[in-house]
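Its first residue numbered 18, the sequence shown is counted upward by one per residue in the numbering used here.
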Amino acid sequence: MQQDYPQTTVLVTGGCGFVMSNVIKNLLATNLDAKVVSLDVNPTGKLTQDFFRPFSDRITHIEGDIREPGSFSLIPTDQPITHVVHAAMIAHHPQWEREHPDKVLDVNIMGTVNTLEWARTQSSIIRFLYVSSGDVYGEPKAETSQEPHLETGTLDQPELYAISKYASEQIVRRYRDVFNIDTVCVRFSGVFGPMDRPTPGRALMAMPYHMIRAVIENRPLRITDGTLKAGADFISSEDIGSILPRLLVSSKLSHDIYNVAYGQFTLVPEVFQSFKSIVPEFDYEVVIPEFADVIRDPSRRLARWNAYDIERLSTEFDWKPRPIAKQLASYFEWVMEDPEFRCPRLPQVSRLTV
Numbered sequence: 018m019q020q021d022y023p024q025t026t027v028l029v030t031g032g033c034g035f036v037m038s039n040v041i042k043n044l045l046a047t048n049l050d051a052k053v054v055s056l057d058v059n060p061t062g063k064l065t066q067d068f069f070r071p072f073s074d075r076i077t078h079i080e081g082d083i084r085e086p087g088s089f090s091l092i093p094t095d096q097p098i099t100h101v102v103h104a105a106m107i108a109h110h111p112q113w114e115r116e117h118p119d120k121v122l123d124v125n126i127m128g129t130v131n132t133l134e135w136a137r138t139q140s141s142i143i144r145f146l147y148v149s150s151g152d153v154y155g156e157p158k159a160e161t162s163q164e165p166h167l168e169t170g171t172l173d174q175p176e177l178y179a180i181s182k183y184a185s186e187q188i189v190r191r192y193r194d195v196f197n198i199d200t201v202c203v204r205f206s207g208v209f210g211p212m213d214r215p216t217p218g219r220a221l222m223a224m225p226y227h228m229i230r231a232v233i234e235n236r237p238l239r240i241t242d243g244t245l246k247a248g249a250d251f252i253s254s255e256d257i258g259s260i261l262p263r264l265l266v267s268s269k270l271s272h273d274i275y276n277v278a279y280g281q282f283t284l285v286p287e288v289f290q291s292f293k294s295i296v297p298e299f300d301y302e303v304v305i306p307e308f309a310d311v312i313r314d315p316s317r318r319l320a321r322w323n324a325y326d327i328e329r330l331s332t333e334f335d336w337k338p339r340p341i342a343k344q345l346a347s348y349f350e351w352v353m354e355d356p357e358f359r360c361p362r363l364p365q366v367s368r369l370t371v
């Protein structure tokens, strides 16, 4: 159903990423007049092209690196950019942090600065949306609540990825104050869904990816015993895609930070049960860590590992994510249209989740 958006031309950095692909698709599906410029360091492969095919006449793809200010000169000037979604980043991976810490910080912090520097010269821009992460909540402290984590809850960034995301939030706020740019930041919980796949900026796949892959290979999902006692706030990229365009174009926002999440802590066995109701052949087996597809730590229950409070979104936008079973069913249906292409076998580096 088409929604009442203003005329929009949106720059999306990291537009080929799995979450932003769903944001772009939803924006263009619900606003027949909108256009998108996607700036991504990766070329548009067949998977991306197929995903965007119904809207290909309204998407301009630019292959460029946000670490290079010159990449922004490639943005077409025939239709001014009205909104920016800055999502390009390098996700956390222990090996990447050890081997290339400078690259993580360069992309995640200076890439944000470069995007803001370009944006502040564009008088046409109405809003700048920065995609942060719930990882900024970090590890729990003595005062951390056991209730779903609020946007105002405790913060403790342990890795460079989380540090860089929180630093970028502060930089975005400072640009807002100094240059009068309308900005908003969003923090995601544990995302899965269509277009999840290994990329140069993402190596660890979400648990539902491994669940579907096990079904494709006609074998049980291999997990550790501790995984059965663990859980998370799981949300589909499709559900994020349903709300981010509304945040982007709303005439007035009540807050400058929003959690985007399911809002509930879901135990792994509950996820399995929901998936099995859709795919009866799904099964799992407990193995030692060396042979596991998925390893989750059951002690991780609070702060970034907890559910995230979504009252801000639900109150302001009357938004609620679909039940987890419907999210999983939609993802599975999408994959099974072309399973080996949409959920391919993973290299070892991408097999484990934590």
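Note that beta-carbon positions come from the ideal geometry of N, C-alpha and C, so glycine has one too.
| Asked | Found |
| --- | --- |
| State the beta-bridge partners of T77 as determined by DSSP. | V54 |
| May I ask which residues mark the beginning and end of the alpha helix (DSSP H) holding Y325? | Segment: none, Y325 is in no alpha helix (DSSP H) and carries neither H nor E. |
| Where does D152 land, buried or exposed, given buried means 16+ other C-beta within 10 angstroms? | buried |
| Following the continuous alpha helix (DSSP H) through V121, name the residue where it begins and the one where it ends. | P118 to L122 |
| Hey, G243 and D314 are a contact pair by Cβ (cut 8 Å); roughly how many whole angstroms apart? | 6 Å |
| Taking its Cβ as the centre, do 16 or more other Cβ atoms sit within 10 Å of M37, making it buried, or is it exposed? | buried |
| Taking the alpha-carbon of Q174 as reference, which of R321, H117, S294 and H110 has the nearest alpha-carbon? | R321 |
| Determine the DSSP secondary structure at G248, reduced to helix, strand or coil. | strand |
| Identify every residue that forms a DSSP beta bridge with R70. | DSSP lists no partner for R70. |
| Inspect the CB distances between the stretch 109-119 and the stretch 154-164 and report whether three or more fall short of 8 Å. | no |
| Here's a check: name, in chain order, each residue in its chain whose Cβ is nearer than 6 Å to the Cβ of F69, leaving out the five neighbours to either side. | I76 |
| Which of the three DSSP states is assigned to R230 in this structure? | helix |
| Rounded to the nearest angstrom, how far is the Cβ of V288 from that of I229, given a contact under 8 Å? | In fact, because the Cβ distance is near 12 Å, the residues do not count as touching under 8 Å. |
| Please tell me whether V311 and M212 are closer than 8 Å, where the distance is taken between their beta carbons. | no |
| Do the stretch 171-191 and the stretch 104-113 touch if we need at least three Cβ pairs shorter than 8 Å? | yes |
| Once the 5 residues before and after K182 are set aside, which same chain residues still bring their CB inside 7 Å of it? | N125, S149, S150, D152 and V153 |
| Terminal residues of the continuous alpha helix (DSSP H) containing I341? | I341 to M353 |
| For Q20, I'd like the list of residues in its chain whose CB is within less than 6 Å of its CB, leaving aside the five on either flank, ordered along the chain. | Residue confidence for Q20 is low, a pLDDT of 47 falling below 50, so the modelled location carries little weight; the figure read from the coordinates is stated next. Excluding sequence neighbours, Q20 sits near T47. |
| Can you give me the start and stop residues for the alpha helix (DSSP H) that N43 sits inside? | F35 to T47 |
| Using only the alpha-carbon positions, how far apart do F358 and K63 sit? | 9 Å |
| Please list the terminal residues of the continuous alpha helix (DSSP H) segment that includes T26. | That residue, T26, is in no alpha helix (DSSP H); its beta strand (DSSP E) goes T26 to T30. |
| What is the DSSP secondary structure of N197, counted as helix, strand or coil? | coil |
| So, at 6 Å on beta carbons, what are the nonlocal neighbours of G210 in its own chain, with the 5 sequence-adjacent residues on each side left out? | S253, S254, E255 and Y348 |
| Among Q139, L330, W135 and I143, which one has its Cα closest to the Cα of F89? | W135 |
| So what does I240 bridge to, in DSSP terms? | V303 and V311 |
| Out of P237, S140, V277 and G31, point me to the one whose CA is closest to I260's CA. | V277 |
| Buried or exposed for E328, going by 16 or more other Cβ atoms inside 10 Å? | exposed |
| What would DSSP say about G207, mapped onto helix, strand or coil? | strand |
| Does the count of Cβ pairs from the stretch 24-40 and the stretch 93-103 closer than 8 Å reach three? | yes |
| Relative to the C-alpha of P286, which residue among I240, P306, F308 and S268 is closest? | I240 |
| My parser needs the alpha helix (DSSP H) runs of 4 or more residues fully inside the stretch 265-300; what are they? | 285-295 |
| Select from E156, L167, L133 and A159 the residue whose C-alpha is nearest the C-alpha of V195. | L133 |
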